[in-house]
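J.: These protein sequence lines are chains A and B, in that order.
Heads up, the first sequence is in my numbering, so the first residue is 6 and it goes up one at a time.
Heads up, the second sequence is in my numbering, so the first residue is 6 and it goes up one at a time.
Let me give you the structure first, and then I'll get to my questions.
2 protein chains.
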Amino acid sequence: MKFESQPSYSLGQRTPATREVAAGENSGNVTLVSQSALGAINRGRVLQALYDNGPKSRADLARLAGVNRTTITGIVQPMIEDQLLIEGDASPSDVKGGKPARPLYFNPDAPMLGAVLLLPGTIQSCLVALTGEIKAVTKAEFDPHGDTEAFIAAMTKTLTAALSQAQRAPFGIGVASAGMIDSDKGTILTVNLAPVLTGLPLVAILQERFSLPVVIDHHPRALLVGDRWFGPGRGQQNFAAVYTGEVLGGAFFIDGKVYRGLAGSGGELGHSVVQIDGALCNCGKHGCWETVAALPWLRKEAVRMGLPHPRSVTCARLVKETDEGSNAAEELLDRYARNVAFGIVNLQQTLSLNSYVLHGDVAGGGMKAAELIRRHVEQLVVKRPGQEISITVNGIGEGHTALRGAAGLVLSSHLKLVI
Amino acid sequence: MKFESQPSYSLGQRTPATREVAAGENSGNVTLVSQSALGAINRGRVLQALYDNGPKSRADLARLAGVNRTTITGIVQPMIEDQLLIEGDASPSDVKGGKPARPLYFNPDAPMLGAVLLLPGTIQSCLVALTGEIKAVTKAEFDPHGDTEAFIAAMTKTLTAALSQAQRAPFGIGVASAGMIDSDKGTILTVNLAPVLTGLPLVAILQERFSLPVVIDHHPRALLVGDRWFGPGRGQQNFAAVYTGEVLGGAFFIDGKVYRGLAGSGGELGHSVVQIDGALCNCGKHGCWETVAALPWLRKEAVRMGLPHPRSVTCARLVKETDEGSNAAEELLDRYARNVAFGIVNLQQTLSLNSYVLHGDVAGGGMKAAELIRRHVEQLVVKRPGQEISITVNGIGEGHTALRGAAGLVLSSHLKLVI
DNA sequence: AGCAGTTAGTTTGTACCTCGCACAAACTTA
DNA sequence: TAAGTTTGTGCGAGGTACAAACTAACTGCT
């Protein structure tokens, strides 16, 4: 599957090959900013400003970035000609007098992004427009213990089905996967619940079949980017996404960049220790955060406390039952919130990001759960004067946030160059 | 106190005033890289490469950074003329044939950096050469509960004494301080053991008196920069510094940059929780890492176990007594190492930096303590294939590492622009 | 000794980017 | 209708990195 008509400008490094050439034999630890890279960087930042702030005029963008208006014109003009951006009609502005500003926004028909969400047993592929719209969703299932070839065939088939509905070449393909991912090498290291994926060099495989830039990252990082793009993290420079469910995970947005850690292994929070010599964890260690703040703990406690249908209890149900007056539910919910809070406290003491977006089970508990957790965090953290800690939930269907995030991963990896 | 003869080129933003002008009314979250900033950025990176790798020829630097040789010439030539760098004699190289390379290195007589280490009751000021040499150390004491004016007078006096021995204007002044620091605003928030410092806007005060760029940061961050500059972190792009003693603290070097967190509050690791509902901490919470891995814990346990002179026990002494065959010392040392390891494990699970430099009490235990801790970390961390975790100690007199780090803070804040 | 080959560093010209200035377009206010 | 304001656009200036071509200095072979 090949596409034509690449845009006349570059959004950054468009293919891994280009990247290798650009980096050359640069084995050192210094990278200078080259003249040509500068253009790509600034183009990327202007686009990001448009993501973050919505439609803006050239003059607004110039003010926002502290640069000359002419600079913005020079950057956006080719993008308008290339139909990536659209110049809207002059809108009635709030300022008096003067030529009315013409807002710039993303062309809904601009090149889209391929996105894949890979969870044990299921593949979800789609196209994501720069406006965040999700199109051409195709799903497939695979045998987690089956044959690699069969999985690759299923993967290729759904992705082809989704991508073929694009009119112009997508900018790239982003894959969000459960499990342990090496995002540098582009391989899946291990997925406990889907051994067929173990060691799969998925990026190389997809790159070869689709001739597009491909990025893979783990699920929480996709949620983070989804938050940043169209969720509560929009426009923020520092925040963390935290996922709770059967397992716990997290990802960080630091100083305007997605944090990966070496080989993309940052954010494996589930196995940070909050209880030395505590309960045994799946990983073989004791007292991991996952042993006190994930669903298995919640359900075990529900059994112990004699709650109704304890094996299927969720945060959402606890909130509902609390509202209906169940003291037992309220008590368990509070303990759950407190246990979740400990992990956030440790993050806060370490990175001091001040802003946390919750996903997964606790997100089902909505604002009430978030507020409960926030209160525990406030109590447990060492306060600094004037410091406010924000805890929000992203309740949008998880699949959508992760898919948007997977798409955003491609984009951000090509916009935010490592400089 | 004023200096003359500024260099003809700029190493970045030389004064806060310039910075404000440069940022303009940029209240947004986007910053484009301007053409002129590009030069400053690359100049800074070349200098950093020289720090990291020691004397290098232009050609080597070009290869290291993946840029053209002519670019390096253009960058270093003004610095040589300005006597910041010196071009060494052609040295016999290992390659056969060709014109011999001429190494570039820092002029020991180049402008130096002012550095201050502020601990409860004591002030230490000095000059630090770009070669790392520490000169003109002057010390003073102050009453931690005394008068603010008296403190400022003492501070100004020692710093003036140190700076007056410089022949050219220092690049700036770096302050490393105990306690909670707001490095954005340049103020000391609180120092538990020195109330006189509470709320002191030290950066503004020093900037006014010395007309130089001034940077303040907390003690562990200075240690980090000291490590990065002349310690085990030299040339590394990702590592953490961890300080243990009466209190615990840390700082991170991430992707080639010092991590600060909002208002410089990142790295307050002592109060991350490793034992839910554990022992009561000074901060009023329970189960902080500080309650199980700092000196007070160690000494309390030494008392409990009946070790000799338990109130003055240190890691160094435990190592010595272990070597001499004391089983009790060996057992306590191992438990101490394990407790320290938990904090490092949590860092590793969160940020995945893979490299840790220890300071303070555990550093006194030398390689033996480091190896013990490393073994515990290896056992407690979720291993990824091929992942190696390095734990080292920086045993150099703490004052020196912190002072060098304080100096480095100024330099790095002026070299590594936020771009 | 002399020449080819190799590497270091410089000179020169080119391409690219941002900025400041001047100006037209479009709108408001008096 | 005139003055004032804001947006957006040419155009030249200044600064930066790069490529090509050159000189300088050294090695190894004949």
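We treat Cβ as the ideally placed atom computed from N, Cα and C, and that holds for glycine.
Keep in mind the model is a prediction, meaning the values are calculated, not measured.
(1) Ala-374(B): buried (16+ other C-beta within 10 angstroms of its C-beta) or exposed?
(2) Can you give me the C-alpha to C-alpha distance between Asp-328(B) and Val-398(B), rounded to a whole angstrom?
(3) Go ahead and label Gly-255(A) buried or exposed: buried means 16 or more other beta carbons lie within 10 angstroms of its beta carbon, across all protein chains shown.
(4) Indicate whether at least one CB of chain B lies closer than 9 Å to the CB of Tyr-264(A).
(5) Can you list the residues of chain B that His-1(A) reaches, using a CB-CB cut of under 9 Å?
(6) For the alpha helix (DSSP H) containing Glu-383(B), list its first residue and its last residue.
(7) What in chain A is Cβ-close to Gly-271(B), meaning under 9 Å?
(8) If we ignore side chains and look at the alpha-carbon of each, how far apart do Thr-161(A) and Gln-353(B) end up?
(9) Roughly how many angstroms separate the alpha carbons of Thr-153(B) and Leu-194(B), rounded to a whole number?
(10) Comparing alpha-carbon positions, which option in Asp-366(A), Ala-268(A), Asn-332(A) lies nearest Trp-302(A)?
(11) Is Cys-293(A) helix, strand or coil when you go by DSSP?
(12) Straight-line CA distance for Leu-416(A) to Ser-182(A)?
(13) Please specify which runs of the alpha helix (DSSP H), each continuous and at least 4 residues long, are wholly inside the region 393–421 of chain B, giving them in chain order.
(14) State yes or no: is the beta carbon of Ala-299(A) nearer than 9 Å to at least one beta carbon in chain B?
(15) What is the rounded straight-line gap between the Cα of His-223(A) and the Cα of His-223(B)?
(16) May I ask you to list the residues that DSSP assigns as paired with Asp-262(A)?
(17) How far does the alpha helix (DSSP H) with Ile-281(B) in it extend, from its first residue to its last?
(18) At a CB-CB cut-off below 7 Å, which residues of chain B make contact with Val-279(A)?
(19) Looking only at its chain, what residues have a beta carbon closer than 7 Å to the beta carbon of Val-345(A), apart from the 5 residues adjacent to it on each side?
(20) Between which two residues does the beta strand (DSSP E) harbouring Cys-288(A) extend?
(21) In chain B, what lies closer than 7 Å to Pro-390(A) by C-beta?
(22) Using beta carbons (cut-off 9 Å, strictly below), is Leu-414(B) in contact with chain A?
(23) Quick check: Val-220(A) and Gly-272(A), are their CB atoms within less than 9 Å of each other?
(24) Can you give the beta carbon distance from Ala-342(B) to His-314(B), rounded, assuming they're within the 8 Å contact cut?
(25) Cα-Cα, which of Lys-190(B), Thr-78(B), Ala-120(B) is closest to Pro-108(B)?
(26) With 9 Å as the threshold, decide whether the Cβ of Gly-184(B) is near any Cβ in chain A.
(27) Note down the Cα distance separating Ser-13(B) from Pro-83(B), rounded to an integer number of angstroms.
(28) Could you say if the region 223–234 of chain A and the region 206–213 of chain A meet the contact criterion of at least three C-beta pairs nearer than 8 Å?
(29) Distance, Cα to Cα, Ser-360(B) vs Pro-206(B)?
(30) Roughly how many angstroms separate the alpha carbons of Ile-259(A) and Ala-95(B), rounded to a whole number?
(31) At the level of alpha carbons, what is the spacing between Ala-45(A) and Val-38(B)?
(32) Taking a Cβ distance cut-off of 9 Å, strictly less, list which residues of the region 43–57 of chain A are near chain B, in chain order.
(33) With contact counted as at least three CB pairs below 8 Å, one residue from each stretch, are the region 117–133 of chain A and the region 184–200 of chain A in contact?
(34) Looking at the structure shown, is Ala-27(B) part of a helix, part of a strand, or coil, going by DSSP?
(35) Suppose you measure from the CA of Arg-50(B) to the CA of Arg-409(B); what does that come to, to the nearest Å?
(36) Tell me, which residues are paired with Ala-181(A) by DSSP?
T.: Looking at the atomic coordinates:
(1) Here residue 374(B) is taken as the residue at index 369 of the second sequence, counted from 1. Ala-374(B) should be labelled buried.
(2) Here residue 328(B) corresponds to residue number 323 of the second sequence, with the count starting at 1. Here residue 398(B) corresponds to residue number 393 of the second sequence, with the count starting at 1. Here the C-alpha atom of Asp-328(B) lies approximately 19 Å from the C-alpha atom of Val-398(B).
(3) One-based indexing of the first sequence puts residue 255(A) at position 250. With 16 or more Cβ atoms within 10 Å of its Cβ, Gly-255(A) is classed as buried.
(4) In the first sequence, counting from the first residue as 1, residue 264(A) sits at position 259. It does; some Cβ of chain B falls within 9 Å.
(5) Any property of residue 1(A) remains undetermined from this structure, which presents chain A solely from 6 to 424.
(6) For this step, residue 383(B) is matched to residue 378 along the second sequence. Unbroken alpha helix (DSSP H) run through Glu-383(B): 371–385.
(7) Walking along the second sequence from the start, residue 271(B) turns up at place 266. Here the neighbours are Gln-354, Thr-355, Leu-356, Ser-357, Leu-358.
(8) As a working mapping, residue 161(A) is identified with position 156 in the first sequence. As a working mapping, residue 353(B) is identified with position 348 in the second sequence. So the two alpha carbons sit approximately 35 Å from each other.
(9) One-based indexing of the second sequence puts residue 153(B) at position 148. One-based indexing of the second sequence puts residue 194(B) at position 189. Looking at the backbone, the Cα of Thr-153(B) and that of Leu-194(B) are separated by about 14 Å.
(10) Against the first sequence, residue 302(A) aligns to sequence position 297. Checking every option, the nearest Cα to that of Trp-302(A) belongs to Asp-366(A).
(11) In the first sequence, the residue the question calls residue 293(A) occupies position 288. Note: Cys-293(A) maps to strand in three-state DSSP.
(12) The sequence position of residue 416(A) within the first sequence is 411, counting from 1. The sequence position of residue 182(A) within the first sequence is 177, counting from 1. The straight-line gap from Cα to Cα measures roughly 17 Å.
(13) Every alpha helix (DSSP H) stretch that sits fully inside the region 393–421 of chain B and reaches 4 residues is listed by chain position as 403–420.
(14) In the first sequence, the residue the question calls residue 299(A) occupies position 294. The beta-carbon of Ala-299(A) is placed no less than 9 Å from the nearest beta-carbon of chain B.
(15) Indexing the first sequence from 1 puts residue 223(A) at position 218. Indexing the second sequence from 1 puts residue 223(B) at position 218. Taking the CA atoms as reference points, His-223(A) sits about 34 Å from His-223(B).
(16) Here residue 262(A) corresponds to residue number 257 of the first sequence, with the count starting at 1. Looking at the sequence provided, one finds Lys at residue 262(A) rather than Asp. Its beta-bridge partners are Ile-259(A).
(17) Residue 281(B) sits at position 276 when you count from the first residue of the second sequence. According to the DSSP assignment, Ile-281(B) belongs to no alpha helix (DSSP H), since it is labelled neither H nor E.
(18) Position 274 of the first sequence, counted from the start, is the residue given in the question as residue 279(A). Result: Val-278, Val-279, Ile-281.
(19) As a working mapping, residue 345(A) is identified with position 340 in the first sequence. Answer for Val-345(A): Thr-249, Ala-298, Val-367, Ile-378, listed in chain order.
(20) In the first sequence, the residue the question calls residue 288(A) occupies position 283. Annotation: Cys-288(A) is outside any beta strand (DSSP E) and is labelled neither H nor E by DSSP.
(21) In the first sequence, counting from the first residue as 1, residue 390(A) sits at position 385. Listed along the chain, the chain B residues whose CB falls inside 7 Å of the CB of Pro-390(A) are Leu-194.
(22) Numbered from its first residue, the second sequence carries residue 414(B) at position 409. No, its Cβ sits nowhere closer than 9 Å to a Cβ of chain A.
(23) As a position in the first sequence, residue 220(A) is number 215, starting the count at 1. As a position in the first sequence, residue 272(A) is number 267, starting the count at 1. Taking the C-beta atoms as reference points, Gly-272(A) is found no nearer than 9 Å to Val-220(A).
(24) In the second sequence, the residue the question calls residue 342(B) occupies position 337. In the second sequence, the residue the question calls residue 314(B) occupies position 309. Taking 8 Å as the upper bound for CB-CB distance, Ala-342(B) and His-314(B) are not in contact here, some 20 Å apart.
(25) For the purposes of this step, residue 108(B) is taken as the residue at position 103 of the second sequence. Measuring from the Cα of Pro-108(B), the nearest candidate turns out to be Thr-78(B).
(26) Residue mapping note: residue 184(B) aligns to position 179 of the second sequence, counting from 1. Judged by the 9 Å Cβ criterion, Gly-184(B) is not in contact with chain A.
(27) By one-based count along the second sequence, residue 13(B) stands at place 8. By one-based count along the second sequence, residue 83(B) stands at place 78. The pLDDT assigned to Ser-13(B) is 48, lower than 50, so where the model puts this residue is not dependable; a value taken from the coordinates is nonetheless given after this. The straight-line gap from Cα to Cα measures roughly 8 Å.
(28) Counting C-beta pairs with one atom in each stretch, the region 223–234 of chain A and the region 206–213 of chain A have fewer than three that are closer than 8 Å, which means they do not touch.
(29) Residue mapping note: residue 360(B) aligns to position 355 of the second sequence, counting from 1. Residue mapping note: residue 206(B) aligns to position 201 of the second sequence, counting from 1. Looking at the two C-alpha atoms, the distance is approximately 34 Å.
(30) Residue mapping note: residue 259(A) aligns to position 254 of the first sequence, counting from 1. Residue mapping note: residue 95(B) aligns to position 90 of the second sequence, counting from 1. Going by the C-alpha atoms only, they are around 44 Å apart.
(31) The sequence position of residue 45(A) within the first sequence is 40, counting from 1. The sequence position of residue 38(B) within the second sequence is 33, counting from 1. It is roughly 10 Å from the alpha-carbon of Ala-45(A) to the alpha-carbon of Val-38(B).
(32) Within the region 43–57 of chain A, the residues whose Cβ lies closer than 9 Å to some Cβ of chain B are Leu-43, Ile-46, Asn-47, Arg-50, Val-51, Gln-53, Ala-54, Asp-57, listed in chain order.
(33) Contact holds between the region 117–133 of chain A and the region 184–200 of chain A, because three or more Cβ pairs, one in each stretch, are under 8 Å apart.
(34) Locating residue 27(B) in the second sequence gives position 22, where the first residue counts as 1. The predicted model places Ala-27(B) with a pLDDT of 29, which falls under 50 and marks its position as unreliable; any figure quoted below should be read in that light. Residue state, collapsed to three classes: helix.
(35) Here residue 50(B) refers to the residue found at position 45 when the second sequence is read from its first residue. Here residue 409(B) refers to the residue found at position 404 when the second sequence is read from its first residue. Taking the straight line joining both Cα atoms gives about 19 Å.
(36) Here the question's residue 181(A) lines up with position 176 in the first sequence. Answer by DSSP bridge pairing, in chain order: Leu-122(A), Asp-222(A).
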